[in-house]
Structure formats: structure tokens, C-alpha cells
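Visitor:
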Amino acid sequence: MTDTKNILMQEEAAAAAPLTEEAMQEERSAYQKRKKEKMRSQKVRSITGKVFIYAILAFYAVIIIFPFLIVLLTSLKTYQDATHIPFEWIPEMGFTGDNYAEVFSRYPTMTALLPSIVQGFLNTLLYVLPPTILGLFTSAISAYAFSKLRFRAKKWMYTFLLATMMIPGMIMLAPQLALYDMIGWMDTPLPLMIPGMFGAAACVFFMRQFYTGIPDSIVEAAKIDGLGFLGIFFRIIVPLSVPALLAQGLLGFIGGYNDFMGPLLYLQSSDLWTLQIALRWLASTYGKQPNVIMAACVIALLPMLVVYFICQKFFINGIVTSGMKD
Amino acid sequence: MNPEQGILLDEEALPLTGDALVEQVMEEPLLEEEIPVKPQKKKKKINKEEIWGTALASIPLIGFFIFGVIPLAMAIAMGFLDFSATQGWSFSGATWGGFENFAYVLKDKLFWQSVGNTLIFGSSTFISLILALAIAYLLSRDIKGRSIWRMIYFVPYVCSTIALTLMWKEMFNPAWGIINQMLGNTDLANGAINWTGENTPFYFMVIIMSVWSGMGYGILLYTAALTNVNQSMVEAARIDGAGPFRTFFRIILPTISPTTFYLLIMGVIGLLQAFATTFTLGGDLTARYTIVYYMYERMMAYDLGVAGASAWILTIFILIVTLIQFIGSKKWVKYD
């Protein structure tokens with residue numbers, strides 16, 4: 004019984020085998036053919052798609068870079084070439100550095116010690132760096148308290164702090180002006196410097212978000228090792244958050260460097276001007292000479308661009324993480 | 002009392018093993034002596050944390066109380082005061098004026114012109130939002146050099162508004178600017194577009210500038226949001242036969258809706274406070290007035306009452322717009 008069954012099965016198998024193999028081969032080749040065709044069409048489609056994507060990205064990159072290129076070129080041209088029609092990529096009278104020399108030799112008053120753009124740059128650093136660094140420190144230490152320490156008022160203090168972010172800055176402009184006028188801070192850099200030293204709500208918010216990510220067990224372990232609350236902050240928390248601090252510091256610095264409204268309101272004397280105010284003054288002084296104005300623009304833009312390209316990784320990460328967190 | 006002592010106690014409270022246990026059993030009477038001391042010491046430690054925590058956390062709040070609460074109180078009062086008898090920005094001599102300032106502002110044609118201008122300039126927020134999403138979507142595809150593209154697109158964000166405005170003003174110069182040259186007409190007498198001399202082209206110029214410089218931020222946040230889109234869901238939709246458009250509108254768009262919402266809120270608040278661009282462009286067009294520009298001029302004219310009243314109106318505007326956005330967001334923003 005079993006033998007016959009085996010034989011039958013073998014016969015069946017023998018009969019079936021060549022058929023299936025043939026069919027399989029046929030099917031396989033047909034499948035491969037179809038697959039190849041499909042892949043080819045897909046490849047063609049994806050290549051055209053890719054070219055399309057890269058073309059748009061490149062076009063947009065050109066739109067971004069183009070104005071900067073025009074500014075740079077104009078700043079290196081003589082007045083005649085700068086206003087020449089049609090636009091020349093290579094100026095007729097050649098490139099010149101005269102516009103830069105002109106900007107660097109422009110003093111705001113007869114008695115001024117430094118050219119306005121240099122004085123403006125130094126003033127900007129002087130007004131922006133101390134509040135940025137100190138404000139970063141106070142924001143971070145307060146964020147540390149909000150995320151790692153236990154105290155009763157924590158919840159409502161934090162809610163209150165976040166609520167202050169909702170107040171539109173513009174409603175405060177006029178009363179702040181009156182307040183600083185009252186306490187004699189007008190025409191001094193103090194209104195630009197002192198408030199920032201207390202830290203910023205947005206920075207506290209971001210740093211707290213970051214510190215909540217640091218496990219409490221690290222802090223507990225440090226406590227057991229005998230570190231005080233300040234010790235924990237300086238020895239454990241700060242070293243762990245250097246990239247985040249750097250990102251926030253950069254954001255603060257750029258904001259201060261580019262601030263316009265504050266210096267415009269509070270600073271009148273030309274020796275107190277920031278770079279942005281000096282730039283605007285130069286632009287109105289050289290109203291009819293675009294080549295000189297563009298040179299001033301390049302000088303004002305360059306430091307920030309250098310900082311950006313060196314630190315762009317921190318910077319972009321800082322914005323992405325601080326911008327979106329619920 | 003330093004924290005170390007409290008911590009030592011914590012260590013002793015840990016379950017002991019082996020030799021330590023034997024020691025503990027032998028020294029039992031000693032331990033009993035310590036028991037009443039323990040809760041007392043612990044309580045002190047918590048107090049210390051309480052003090053440190055409150056002190057450290059309150060630094061930004063102190064700053065806000067000095068430089069925020071006082072001006073805020075002054076701001077509330079300012080709109081209702083009559084400053085005609087005062088000198089400079091001083092409050093002394095100001096008298097109660099009721100709703101006079103508000104009536105003045107609401108009747109002032111220039112104020113309504115500035116409100117209208119601000120809203121027109123504000124359309125740039127929506128344009129740059131849509132374009133930023135489009136670019137970010139392309140960046141999220143399988144392409145090379147994503148970080149380099151992103152780095153280029155973000156450059157305008159770090160540049161000062163003043164420098165960028167001067168740069169664009171030069172390019173938009175009606176007589177020799179590159180834009181009119183590209184449009185092929187630089188002859189003002191012969192129908193060339195007078196970007197800085199007429200209201201309508203002025204609007205277009207400011208909107209183009211704002212979109213150009215505002216897109217980078219949107220692109221950055223959108224690319225981050227798009228990397229969080231669940232790829233298996235997109236794949237599943239594709240297998241179920243959804244085309245790229247349907248996938249985009251039904252799956253991707255809802256997933257990134259919190260980012261859109263955030264950008265909208267921030268964008269609208271920013272646009273209502275726009276000032277530096279049109280101030281730098283200058284000129285004598287009425288199109289240059291934004292709400293803040295209007296306030297600035299009143300402030301410089303020592304007209305604090307009107308400045309205060311318009312600040313009030315601006316704040317109410319911002320509150321209403323934000324409130325509408327928050328209510329509307331319940332329908333289309335999906336947090337999971």
C-alpha cells in the first residue's frame with residue numbers, strides 16, 4: 004500500500020516537476036521583466052522628481068543669496084557704476100574699496116573719538132554681552148529651581164512667569180520710556196542692559212524644558228555626595244547643558260545685536276549709538292550714495308554672519324527645540 | 002546646619018545588610034536615641050530647599066515686577082490721563098482725561114490708516130507660512146545636503162532688519178534698482194514702478210521683503226515637525242490607494258498642525274508689532290504707518306495719552322486675534 008502510494012506520488016511529482024519549473028521560470032522571467040520595467044519607469048519618475056526638487060531648492064537658495072551678492076557688489080563699485088543701467092556684474096571702472104574707507108572715516112560729530120560704525124559696534128558689544136551672559140545665567144539657575152527643587156510656590160510662580168510672556172511688548176513702550184525718564188536712565192544704555200540681567204521668561208521656559216530631561220537620580224546622587232544646591236547647579240547641571248545654554252546665549256546675542264526699537268528710544272547722544280542706529284544714521288547721511296550705504300550694510304552684517312556660520316549647528320538646534328515644545 | 006548632615010541621615014535610613022546589620026543590632030540603643038532627632042533634621046533640610054528654590058526661581062519675577070509691573074500700571078493709567086499740561090515724558094501735571102484719548106485715536110484717520118496698513122503687511126505671514134511649508138516638504142524628501150539647504154535659507158533670520166531693509170530698498174530703487182531693471186523699465190516718467198513713491202507698490206515691496214526674511218524660521222520649524230510624521234501611516238495610506246495629495250492633506254497636514262498653529266500665533270503677534278522695516282524705509286507715504294509707527298510718533302511728540310490709548314487698542318486687537326485663533330484651533334489643531 005505504502006509502496007504504491009509512494010510510486011504514485013513520485014510519478015505525480017515527476018510529471019508535475021518539469022511543468023512547474025517551466026511555469027515558474029516563465030513566471031519568474033515575466034515578473035522580472037515587469038519589475039524591471041516598473042523600476043525603470045519608477046526610476047525615471049523619481050529622477051525627474053528629484054531634479055524637480057533640487058531645481059526648486061536651488062532656485063530658492065539663489066533668491067536668498069542674490070540680494071546679498073548685489074549688496075556686496077554695489078559696495079565695491081564707484082557711484083557711477085552702482086547706479087549704472089544696465090546692471091554690471093563687473094563694473095566698468097573696476098572694483099574699489101573706497102566706500103569702505105569712506106564709512107570707516109565718517110565721524111558722527113567733530114569731537115567724536117571713533118568713526119560711528121566702529122563706536123556703534125563697540126557699544127553694541129558692551130551693551131549686549133553682559134546682559135546676555137548674566138541673563139542666561141539667571142534664567143538657567145531659575146529654570147534649575149523650577150525643574151529640580153521642591154518649594155511650595157513653584158506652580159503659581161511658574162504659571163505667573165509664563166503669563167508675563169503673553170503681554171505684548173508694545174503696550175509697555177511708552178510707560179517704560181516715561182519710567183526711565185523719571186529715574187534718569189534716558190540717554191544711558193541702562194534700559195537696554197539692566198532688565199535683561201534678570202533673565203527672560205522664554206529662556207527660563209526653554210531651559211526648564213531641557214532640565215526636566217535630566218534624570219532626577221543624578222541630582223539625588225549629587226545630593227548624597229554632599230553637594231549643595233548651588234554646587235549641583237554648577238558642577239552637574241551646567242556641564243550637562245552647555246549646548247542648550249550656548250544656543251540660548253546665541254539667540255539672545257543676536258536679538259540684542261539686531262535690536263532697533265530700544266536703542267532708538269533710549270539713546271540720543273551719538274557716542275552712545277549702537278551699530279543699528281549708526282547704520283541708520285549713515286544711511287540717511289549718504290542718502291544719495293547707494294555704494295556707501297551698501298558698504299555700511301556689509302560691515303554691519305558681516306560679524307553676525309560669521310557667528311552664524313561658525314555656530315549654526317547649535318543655533319538651528321536651539322531654535323528648533325525652543326520653538327516647538329508643548 | 003549644612004545639607005551633608007541631612008544626607009548622612011538619609012544614608013543611614015537605607016536598609017542595611019551584612020556587617021552593617023550586625024553593627025546596627027549591636028548599637029541599637031544608640032539608634033533609638035537618634036530617632037527623635039531624624040524628622041526634625043529632615044524638616045530643616047526641606048526648609049532649606051524651600052528657601053533656595055523660591056529665591057533662585059524668583060530672580061526673573063523680580064525683574065518683571067520692577068520693569069514690568071510698574072510700566073504696566075502706568076500703561077493702564079496713561080490712556081485715561083490728559084498730558085497737555087506736562088513737560089517731556091513726565092507724569093507730573095497730568096490730569097484725569099476720561100476717554101478723551103480713546104475718542105481722539107478712534108476718530109484719527111491716520112490711526113485707521115495704520116491699522117489697515119498693518120493688516121495688509123500682515124498678509125505676508127500667511128504667504129510665508131504656505132511657502133515655508135512647501136519648501137520644508139521638499140526638504141523632508143530623500144535629498145542630499147539637507148542641512149546645507151537649511152543653513153542657506155535661514156541666513157536672513159540672523160541679519161538685522163535695518164541692514165536687510167536698506168539692502169532691499171536699494172534693489173527696489175525705481176531709477177536704477179535691479180528689480181526694475183529686471184522688469185525692463187527704469188524710466189519713472191514712462192510708467193516704471195515707483196516702489197517707494199506710491200502706496201500700492203510700497204505694500205508689495207514690504208510684503209516681498211517680509212516673506213523673504215520670514216520664511217527661514219517657518220522652514221526650520223516645519224522641517225523639524227515633518228521628521229516627526231509617522232512614516233508607517235504615510236506608507237499605509239499609500240498602500241490603501243491614497244495619492245500624494247490626499248496623503249499630504251489627510252495625514253501630514255494634521256500631524257504638523259501644532260507647528261502651523263504656533264507659527265500663526267507668533268506671526269500674527271509679530272506682524273501687529275511691525276515697525277522697523279517701514280520706519281527705515283521712511284519716505285512720506287501714508288503706507289509707511291503701522292500701529293507701532295503711529296504710537297512711536299505720538300511718543301516722540303510727548304503725547305503719552307494718545308500713545309497709551311493706541312497701545313490699549315493694539316493690545317485688545319492682539320487679545321481678540323489670539324483668542325479667535327485659540328478657539329478656531331480646536332477644530333483643526335490635533336495634539337496627540
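Each protein sequence line maps, in turn, to chains A and B. Start counting the first sequence at 4; every next residue gets the next number (my numbering). Start counting the second sequence at 2; every next residue gets the next number (my numbering). C-beta: ideal position from N, C-alpha, C; glycine also.
1. How about leucine 152 of chain A and leucine 268 of chain A: are their beta carbons less than 8 Å apart?
2. Which residues bound the alpha helix (DSSP H) around valine 334 of chain B?
3. Kindly identify the DSSP beta-bridge partner or partners of leucine 82 of chain B.
4. Please compile the residues from chain A whose C-beta is within a distance smaller than 8 Å of the C-beta of glutamine 274 of chain B.
5. Kindly list the residues whose CB is nearer than 7 Å to the CB of tryptophan 150 of chain B, restricted to its own chain and excluding five residues on each side of it in sequence; keep chain order.
6. Name, going along the chain, the residues of the segment 261-295 of chain A whose beta-carbon falls closer than 7 Å to a beta-carbon of chain B.
7. Rounding to the nearest angstrom, what Cα-Cα distance links alanine 156 of chain A and threonine 55 of chain B in this structure?
8. Note down, one range per segment and in chain order, each alpha helix (DSSP H) of at least 4 residues found wholly within the segment 83-171 of chain B.
9. Along the chain, which unbroken stretches of the beta strand (DSSP E) at least 3 residues long are found entirely within the segment 278-312 of chain A?
10. Tell me whether alanine 104 of chain B is buried or exposed, calling it buried when 16 or more other Cβ atoms sit within 10 Å of its Cβ.
11. Are three or more beta carbon pairs between the segment 301-310 of chain B and the segment 286-293 of chain B nearer than 8 Å?
12. Identify, in the order they occur along the chain, each residue of the same chain with its Cβ nearer than 6 Å to the Cβ of isoleucine 163 of chain B, setting aside the five sequence neighbours on each side.
13. Whose C-beta lies closer than 8 Å to the C-beta of tryptophan 284 of chain A among residues of the same chain, with five residues either side of it excluded?
14. Look at leucine 79 of chain A and phenylalanine 98 of chain A and say whether their C-beta atoms are less than 8 Å apart.
15. DSSP three-state label for alanine 288 of chain B, please.
16. Pull out every residue of the segment 302-328 of chain A whose Cβ sits closer than 9 Å to any Cβ of chain B, in chain order.
17. Of all the options A:Gly100, A:Val54, A:Lys53, which has the alpha carbon lying nearest to the alpha carbon of leucine 75 of chain A?
18. On the CB-based measure, 16 or more other CB atoms within 10 Å of its CB, does glycine 192 of chain B come out buried or exposed?
19. Could you work out which residue in B:Ala58, B:Ser311, B:Trp90 is closest to phenylalanine 154 of chain A when comparing CA atoms only?
20. Should leucine 184 of chain B be labelled buried (16 or more other beta-carbon atoms within 10 Å of its own) or exposed?
21. Any contact of the segment 206-214 of chain B with the segment 110-128 of chain B, i.e. 3+ C-beta pairs under 8 Å?
22. Near phenylalanine 149 of chain A, which residues of its chain fall below 6 Å by C-beta distance, leaving aside the five closest residues on each side in sequence?
23. Is methionine 75 of chain B helix, strand or coil by DSSP?
24. Reducing DSSP to helix, strand and coil, say where proline 247 of chain B ends up.
25. Taking its Cβ as the centre, do 16 or more other Cβ atoms sit within 10 Å of alanine 226 of chain A, making it buried, or is it exposed?
26. Where glycine 202 of chain A and glycine 271 of chain B are concerned, what is the direct C-alpha to C-alpha distance, given to the nearest angstrom?
27. Here's a check: name, in chain order, each residue in its chain whose Cβ is nearer than 8 Å to the Cβ of glycine 99 of chain B, leaving out the five neighbours to either side.
28. How long is the line joining the alpha carbons of phenylalanine 112 of chain B and tyrosine 297 of chain B, rounded to whole angstroms?
29. Does the beta carbon of valine 212 of chain B come closer than 8 Å to any beta carbon on chain A?
30. Using a Cβ-Cβ cut-off of less than 9 Å, list which residues of the segment 47-62 of chain B approach chain A; keep chain order.
31. Determine, for methionine 185 of chain A, whether the minimum Cβ-Cβ distance to residues of chain B falls below 8 Å.
32. By the DSSP assignment, the alpha helix (DSSP H) with alanine 226 of chain B in it spans what residues?
33. Given this structure, state the Cα-to-Cα distance separating isoleucine 93 of chain A from isoleucine 68 of chain A, to the nearest angstrom.
34. So threonine 77 of chain A contacts chain B; which residues on that side make the cut at Cβ distance below 8 Å?
35. What is the rounded straight-line gap between the Cα of asparagine 48 of chain B and the Cα of phenylalanine 232 of chain A?
36. Return the first residue and the last residue of the alpha helix (DSSP H) that leucine 193 of chain A is part of.
Guide: Per the coordinate set shown:
1. What you label residue 152 of chain A is simply residue 149 of the first sequence in a count that begins at 1. What you label residue 268 of chain A is simply residue 265 of the first sequence in a count that begins at 1. The answer is no: Cβ separation not under 8 Å.
2. For the purposes of this step, residue 334 of chain B is taken as the residue at position 333 of the second sequence. Valine 334 of chain B -> no alpha helix (DSSP H), and no H or E assigned at all.
3. Here the question's residue 82 of chain B lines up with position 81 in the second sequence. DSSP lists B:Trp97 as partners of leucine 82 of chain B.
4. If you number the second sequence from 1, residue 274 of chain B lands on position 273. Pro171, Gly172, Met173, listed in chain order.
5. For this step, residue 150 of chain B is matched to residue 149 along the second sequence. Here the set comprises Leu140.
6. Asn261, Phe263, Met264, Gln279, Leu282, Arg283, Ala286, Pro293
7. Taking the first sequence and counting its residues from 1, one reaches residue 156 of chain A at position 153. Taking the second sequence and counting its residues from 1, one reaches residue 55 of chain B at position 54. Looking at the two C-alpha atoms, the distance is approximately 7 Å.
8. 101-108, 110-141, 147-159
9. none
10. Here residue 104 of chain B corresponds to residue number 103 of the second sequence, with the count starting at 1. By the 10 Å Cβ count, alanine 104 of chain B comes out exposed.
11. no
12. Start at 1 with the first residue of the second sequence, and residue 163 of chain B comes out as number 162. These residues qualify, in order along the chain: Thr281.
13. Here residue 284 of chain A is taken as the residue at index 281 of the first sequence, counted from 1. Cβ within range, chain order: Pro111, Ser119, Ser273, Trp276.
14. Locating residue 79 of chain A in the first sequence gives position 76, counting from the first residue. Locating residue 98 of chain A in the first sequence gives position 95, counting from the first residue. Against a cut-off of 8 Å, the Cβ pair of phenylalanine 98 of chain A and leucine 79 of chain A comes out as a contact.
15. Within the second sequence, the letter at position 287 stands for residue 288 of chain B. Helix.
16. Ala303, Leu304, Met307, Leu308, Val310, Tyr311, Phe312, Gln315, Lys316, Phe318, Ile319, Ile322, Val323, Thr324, Gly326, Met327
17. Looking up residue 75 of chain A in the first sequence gives position 72. Among A:Gly100, A:Val54, A:Lys53, the Cα nearest to that of leucine 75 of chain A belongs to A:Gly100.
18. Position 191 of the second sequence, counted from the first residue, corresponds to residue 192 of chain B. Burial call: exposed.
19. Taking the first sequence and counting its residues from 1, the one referred to as residue 154 of chain A is at position 151. For the residues B:Ala58, B:Ser311, B:Trp90, the minimum Cα distance to phenylalanine 154 of chain A belongs to B:Ala58.
20. Indexing the second sequence from 1 puts residue 184 of chain B at position 183. Its Cβ having fewer than 16 others within 10 Å, leucine 184 of chain B is exposed.
21. yes
22. Here residue 149 of chain A refers to the residue found at position 146 of the first sequence. These residues qualify, in order along the chain: Tyr161, Arg211.
23. As a first step, residue 75 of chain B is located in the second sequence; it is residue number 74 there, counting from the start. Correct three-state label for methionine 75 of chain B: helix.
24. As a first step, residue 247 of chain B must be located in the second sequence, where it is residue number 246. The amino acid occupying residue 247 of chain B in the given sequence is arginine; proline does not appear at that position. In the structure shown, arginine 247 of chain B sits in a helix (DSSP, three-state: H, G or I).
25. Walking along the first sequence from the start, residue 226 of chain A turns up at place 223. Here residue 226 of chain A turns out to be lysine, not alanine, going by the sequence shown. Buried, because 16 or more other Cβ atoms sit within 10 Å of the Cβ of lysine 226 of chain A.
26. Locating residue 202 of chain A in the first sequence gives position 199, where the first residue counts as 1. Locating residue 271 of chain B in the second sequence gives position 270, where the first residue counts as 1. Distance between the alpha carbons of glycine 202 of chain A and glycine 271 of chain B: 21 Å.
27. Reading the second sequence from its first residue, position 98 is the one you call residue 99 of chain B. Phe81, listed in sequence order.
28. For this step, residue 112 of chain B is matched to residue 111 along the second sequence. For this step, residue 297 of chain B is matched to residue 296 along the second sequence. Using only the alpha carbons, I get a separation of about 12 Å.
29. If you number the second sequence from 1, residue 212 of chain B lands on position 211. Chain A contact via Cβ: absent.
30. Ile47, Lys49, Glu50, Glu51, Ile52, Trp53, Gly54, Thr55, Ala56, Leu57, Ala58, Ser59, Ile60, Pro61, Leu62
31. Counted from its first residue, the first sequence places residue 185 of chain A at position 182. Yes, because at least one Cβ of chain B sits closer than 8 Å to the Cβ of methionine 185 of chain A.
32. The count along the second sequence starts at 1 and reaches residue 226 of chain B at position 225. Start and end: 200-227.
33. As a first step, residue 93 of chain A is located in the first sequence; it is residue number 90 there, counting from the start. As a first step, residue 68 of chain A is located in the first sequence; it is residue number 65 there, counting from the start. Cα to Cα, the separation comes out at about 18 Å.
34. Locating residue 77 of chain A in the first sequence gives position 74, where the first residue counts as 1. The contacting residues are Glu171.
35. Start at 1 with the first residue of the second sequence, and residue 48 of chain B comes out as number 47. Start at 1 with the first residue of the first sequence, and residue 232 of chain A comes out as number 229. Going from the Cα of asparagine 48 of chain B to the Cα of phenylalanine 232 of chain A covers about 13 Å.
36. Here the question's residue 193 of chain A lines up with position 190 in the first sequence. Its alpha helix (DSSP H) spans residues 193-196.
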